[in-house]
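Residue numbers (this note's numbering): 4 to 293.
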């Protein structure tokens, strides 16, 4: 029982940003079908912007979240309007778009290194207290980070699934031509989605950065699991992404406790994801043949 509670508490508190970042990538993938590799750098940018505001102006971490989210959202919109939208208008295929996103990711990563330097950076935050949750020691900061991420994720879920603009987003993702006939402005809705997705990624990067450190590869190290969570959770089902993100965090914590090495836990989980997607694909093909 102790192992289960430790896995739950550590997994949910340490990997909570995974849920938020996966929701952002799922929004872009749902609307455009694009596997945006450059999303990793949006996450890294969020960590750097938050750290810079925190260390330069002496502002507390939570006060940096609003400007961080706005900055990351604007970067996301700029990349869409300047790069991905023109490429789509030229008739670029799926593979070409992925290659473009790879190139953009490398460009942004080196741009961040040029601006902020290569050394690892840290937020300036007070030393947190440690509280016991189900007899597991957790810092008050990680606990507050979990609460913040859960609130943000639920707000994003409500916005997409329940609000009027969320209905337009889902309509545009289902059928762009029909949505346009219905009076929905595709460009406005698409820009809104890219902004929300970028803001979610930037905020996730802030939580990751303040929980450990800020480095040029921060977002890239997380991207594979973000992508797998979206693929397994179902890009068309934000609720599924939230559930799979939470389960992934708990599974990583459990296997890290079991194996004693996070690398072994990551490798085991990647294999599990691949096997699951293989089995699901076979089941889908089999159902289609009946």
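Backbone N, C-alpha and C fix where the C-beta goes; we use that ideal spot for every residue, glycine too.
- As the crow flies, the alpha-carbon of residue 24 is around 10 Å from that of residue 233.
- In the three-state reduction of the DSSP assignment, residue 135 falls in the strand class.
- DSSP links residue 192 through a beta bridge to no other residue.
- Residues 44, 47, 48, 51, 219 of the same chain have their beta carbon placed closer than 8 Å to that of residue 115, with the five preceding and five following residues left out of the count.
- Excluding its 5 nearest sequence neighbours in each direction, residue 276 has C-beta neighbours in its own chain below 8 Å: 231, 234, 235, listed in chain order.
- The way I'd put it, the segment 91-100 doesn't touch the segment 203-217; fewer than three beta-carbon pairs between them come closer than 8 Å.
- Proximity to residue 194 across 272, 223, 35 peaks at 35, based on C-alpha coordinates.
- A Cβ-Cβ distance of about 35 Å is found for the pair residue 174 and residue 14, leaving them out of contact under the 8 Å criterion.
- Taking a cut-off of 8 Å on C-beta distances, the segment 138-147 does not touch the segment 66-79, as fewer than three cross pairs fall below it.
- Just measuring C-alpha positions, the residue of 110, 109, 87 sitting nearest residue 99 is 87.
- The segment 149-160 makes contact with the segment 18-32, as at least three CB pairs between them are under 8 Å.
- In the DSSP assignment, residue 17 falls within the alpha helix (DSSP H) that extends over 5-17.
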